[in-house]
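Trainee:
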DNA sequence: ATGATAATAGTAATCATTACTGATAAGGAA
DNA sequence: TTCCTTATCAGTAATGATTACTATTATCAT
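Protein chains in written order, with this note's numbering: chain A, 1 to 123; chain B, 1001 to 1123.
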């Protein structure tokens, strides 16, 4: 896995923000530094970064994929109204439960869907 | 929401099995009863059944969507080798945690990814 | 520096899902 | 039962996110 300015720019962008971005949002952001970067390059690097565990991804209920440079174990809450994604701490990990049962868990994803505090108040 | 033989066939198929099926697998299965059912009809019904909560869906790490007629709260383990999907009980629910914090959680999805018992033994 | 080759830009292809349209059938009212 | 309204359908075309391809470029070990 070579280090390229494209991969570095993508990773640095995601790490510099505590939000969640789609591939094309990342493409737009990184183009400010590397104007002729290709969307394919963004996808390829996102995919290798996912594989190496340097980033994670969440999916909203309408199938949009968002990427996250904050990789300390945490869960996500997706608001179905404002589409914001909130982080929260993983309650008890299911890993232990499964690994005591003979499974090898490489990672777990917990996503809750509903309406966030703000949208409830502004209903 | 009208009751049609297409929707009934899809729901009955999913409820009759304790496995997880993709849209096109469901299409193939239901075509044995309704040979000229359209793939679009399968997708439309899966989507309304998801919305009404009569079925649920899981996604493997390679982005394939699978549907499940068993809707008692449970979590999924996706084996990255054999691609099988295993059900397991939800540990402690994150709902309580979030709702005490002012969020309205309509549903939660917990998915673990890794290698299953069988694949570990036959490695 | 040089060479091997991994990664890139740009573009074309893929493929799951959705949208469209005229025809069909579910199910309430008479 | 028969008729009407309209949701749903079959069949097909369109969409759009993601992936594949290819000639070129840039990384990095030697």
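Cβ coordinates follow ideal geometry from the N, Cα and C atoms, glycine included.
Note that the structure is predicted; figures quoted are calculated from it, not measured.
Quick one: which residues of the segment 1097 to 1121 of chain B get their C-beta closer than 7 Å to a C-beta of chain A? List them in chain order.
Mentor: Result list: 1097, 1098, 1102, 1103, 1104, 1105, 1106, 1107, 1108, 1109, 1110, 1111, 1112, 1113, 1114, 1115, 1116, 1117, 1120.
Trainee: Where do the ends of the beta strand (DSSP E) carrying residue 114 of chain A lie?
Mentor: Residue 114 of chain A -> beta strand (DSSP E) spans 104 to 115.
Trainee: Any residues in the segment 1066 to 1083 of chain B with a beta carbon nearer than 7 Å to a beta carbon of chain A? Which ones, in chain order?
Mentor: Here the close residues are 1075, 1077.
Trainee: If you run the structure through DSSP and keep just helix, strand and coil, what is residue 93 of chain A?
Mentor: Correct three-state label for residue 93 of chain A: coil.
Trainee: Quick check on the burial criterion: 16 or more other C-beta atoms within 10 angstroms. Buried or exposed for residue 1060 of chain B?
Mentor: Residue 1060 of chain B should be labelled buried.
Trainee: What runs of the alpha helix (DSSP H), each 4 residues or longer, lie entirely inside the segment 18 to 93 of chain A?
Mentor: With a minimum length of 4 residues, the continuous alpha helix (DSSP H) runs that stay inside the segment 18 to 93 of chain A are 23 to 31, 39 to 51.
Trainee: Hey, how far is the Cα of residue 50 of chain A from the Cα of residue 1080 of chain B?
Mentor: Distance between the alpha carbons of residue 50 of chain A and residue 1080 of chain B is about 15 Å.
Trainee: Just to confirm my understanding: we take residue 1094 of chain B, look at its own chain, exclude 5 residues before and 5 after, and list those with CB closer than 7 Å. What are they?
Mentor: Once the five neighbours on either side are set aside, the close Cβ partners of residue 1094 of chain B are 1108.
Trainee: When you compare the segment 108 to 121 of chain A with the segment 1018 to 1029 of chain B, are there three or more beta-carbon pairs, one atom per stretch, that lie closer than 8 Å?
Mentor: The segment 108 to 121 of chain A vs the segment 1018 to 1029 of chain B: no contact.
Trainee: Please classify residue 82 of chain A as buried or exposed, where buried requires at least 16 neighbouring CB atoms within 10 angstroms.
Mentor: Residue 82 of chain A should be labelled exposed.
Trainee: Let's test the definition: count the other Cβ atoms within 10 Å of the Cβ of residue 112 of chain A and tell me whether it reaches 16, buried, or not, exposed.
Mentor: It is buried - the Cβ of residue 112 of chain A has at least 16 other Cβ atoms within 10 Å.
Trainee: Given that residue 1092 of chain B touches chain A, what residues does it touch there, using C-beta distances under 7 Å?
Mentor: Result: 91, 92.
Trainee: Determine the closest residue to residue 15 of chain A out of A:70, A:87, A:22, with distance taken between C-alpha atoms.
Mentor: That would be A:70, whose Cα lies nearest to the Cα of residue 15 of chain A.
Trainee: Any idea what DSSP makes of residue 8 of chain A, helix, strand or coil?
Mentor: In the structure shown, residue 8 of chain A sits in a helix (DSSP, three-state: H, G or I).
Trainee: What residues in its chain sit with their C-beta under 7 Å from that of residue 1022 of chain B, if we drop five residues either side in the sequence?
Mentor: So the qualifying residues of the chain are 1064, 1065, 1066.
Trainee: In angstroms, rounded to a whole number, what distance separates the CA positions of residue 1037 of chain B and residue 1047 of chain B?
Mentor: If you take the alpha carbons of residue 1037 of chain B and residue 1047 of chain B, they lie about 16 Å apart.
Trainee: Please list the partners that residue 88 of chain A has in chain B, where partner means a Cβ-to-Cβ separation under 7 Å.
Mentor: Within chain B, the residues near residue 88 of chain A are 1098.
Trainee: Please report the straight-line C-alpha distance between residue 104 of chain A and residue 34 of chain A, rounded to a whole angstrom.
Mentor: Distance between the alpha carbons of residue 104 of chain A and residue 34 of chain A: 40 Å.
Trainee: For a quick check, are the C-beta atoms of residue 98 of chain A and residue 1088 of chain B less than 9 Å apart?
Mentor: In this structure, residue 1088 of chain B lies closer than 9 Å to residue 98 of chain A by Cβ.
Trainee: With a threshold of 9 Å between beta carbons, is residue 1054 of chain B in contact with chain A?
Mentor: No, because no Cβ of chain A sits closer than 9 Å to the Cβ of residue 1054 of chain B.
Trainee: Nearest chain B C-beta to residue 95 of chain A closer than 9 Å, yes or no?
Mentor: With 9 Å as the cut-off, residue 95 of chain A counts as an interface residue toward chain B.
Trainee: Say whether chain B places a C-beta atom closer than 9 Å to the C-beta of residue 59 of chain A.
Mentor: Judged by the 9 Å Cβ criterion, residue 59 of chain A is in contact with chain B.
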